[in-house]
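Residue numbers (my numbering): 20 to 330.
Don't be surprised by glycine CBs; every beta carbon is placed ideally from N, CA and C.
From a predicted model like this one, the values you see are computed outputs, not experimental measurements.
The structure under discussion appears below in the form of structure tokens.
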Ligand SMILES: [Zn+2]
């Protein structure tokens, strides 16, 4: 009886959203944490993906091959940035992957992560390493790894609406305090238009820490509280004990560009990471379980339109 009521309610909500229950909406796919973790390690194996470097070029080719092999459409937003610190003109590339949904007449969902590595680790435990680039296992590769595993699953089982994956470049370029030189890729992406194009956006950043602790991020709460409500209620429902339903940090990240452009968006970020911007941001500090927690949550949200905010 309870189950029946739940089903009726779900049907009503689907109808209210203009989405119908269809034959393959019953069992969402299962997120594979170990496989996602292998994608994290594969990215790090190229070396620091600093914009313009050989590792960056090779990793971008790896993404293209990966998404192509899933039969997905990959587009690139290429643009240039004059580095204020060296005067050199840098190439930057946002990698965009479109996954078709069952309802092509509905706006889709935007999921994003940054793929670039910070060109310096100023918080290095060894000061001699401060000018070296980061490996960026958590700060960059973790979010992308989750998006890659999602791509595999969504390509196999079409989601209710289209999903746009975006790998932002140049998130982590600026020196401390130079906020205008961070979030370069997402600024460019938003500048080309995001308002009304998607229902909402979720940015994944630094979600791979072995000791995962994810709180509501402060600007997300300020600009898009209903999305935070959706995410943290779902995390509780899934018994994800590494999610904490309170605000702890305010973080300047790619979701700010999206909100500024008129797209409601939040940042899922674990800012309790002792290896942040140090030479120790390596795969051994991350875990398959952490990626799986976030991946399961994303799958739950993507395949349950009744959970999406309507405003
Ligand atoms: Zn960073």
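Hey, could you find the ends of the alpha helix (DSSP H) residue 319 is sitting in? 307-321
How close, in whole Å, do the beta carbons of residue 202 and residue 273 come, if the pair is a contact with beta carbons under 8 Å? 5 Å
Exposed or buried, what is residue 316 when buried is set at 16 or more other beta-carbons lying within 10 Å of its beta-carbon? buried
Out of curiosity, what's the CA-to-CA distance linking residue 254 and residue 308? 14 Å
Nearest by alpha-carbon distance to residue 229: which of 279, 298, 165 and 302 is it? 302
Local conformation of residue 347 per DSSP, three classes: Because the chain spans 20 through 330 in this model, residue 347 falls outside it and cannot be assessed.
Going along the chain, which unbroken runs of the beta strand (DSSP E) with 3 or more residues stay wholly within the stretch 65-151? 92-101, 108-118 and 127-133
In chain order, what residues of the same chain have a beta carbon less than 8 Å from the beta carbon of residue 99, not counting five sequence neighbours either side? 108, 109, 110 and 111
At what residue ranges does the stretch 154-193 contain a whole run of the beta strand (DSSP E), taking only runs of 3 or more? 182-187
Please report the residue range of the beta strand (DSSP E) in which residue 286 lies. 284-288
Can you tell me where the alpha helix (DSSP H) with residue 259 in it begins and where it stops? Per DSSP, residue 259 belongs to no alpha helix (DSSP H) and is neither H nor E.
Taking Cβ positions, are residue 128 and residue 218 nearer each other than 8 Å? yes
Span of the alpha helix (DSSP H) holding residue 203? 203-210
Do residue 168 and residue 51 count as a contact pair if the criterion is CB distance below 8 Å? yes
Please state whether DSSP places residue 299 in a helix, a strand or coil. coil
Is it right to say residue 314 is buried, meaning 16 or more other beta carbons lie within 10 angstroms of its own, or is it exposed? buried
Evaluate residue 114 with the Cβ neighbour count: other Cβ atoms within 10 Å of its Cβ, from every protein chain shown; 16 or more gives buried, anything less gives exposed. buried
CB of residue 266 within 8 Å of CB of residue 232, strictly: no
Does the beta-carbon of residue 10, which I'm using as the reference point, lie nearer than 7 Å to any heavy atom of ligand 1? Nothing about residue 10 can be reported from this structure: the residues present for the chain run from 20 to 330 only.
What residues match up with residue 219 in a beta bridge as DSSP calls it? 128
With hydrogens ignored, establish whether the beta-carbon of residue 139 is closer than 7 Å to any heavy atom of ligand 1. no
Would residue 411 pass as a contact of residue 118 if the rule is Cβ separation under 8 Å? The chain is shown from 20 up to 330; residue 411 falls before or after that span and cannot be answered.
Using only the alpha-carbon positions, how far apart do residue 291 and residue 205 sit? 23 Å
Quick one: what does DSSP say residue 214 is sitting in, helix, strand or coil? coil
Of the choices 300, 76 and 275, whose alpha-carbon is the least far from that of residue 151? 300
Label residue 104 either buried or exposed according to how many other C-beta atoms from any shown protein chain fall within 10 Å of its C-beta, with 16 as the threshold for buried. exposed
Strictly by DSSP, which residues pair up with residue 235? 266
Residues sharing a beta bridge with residue 228, DSSP: 305
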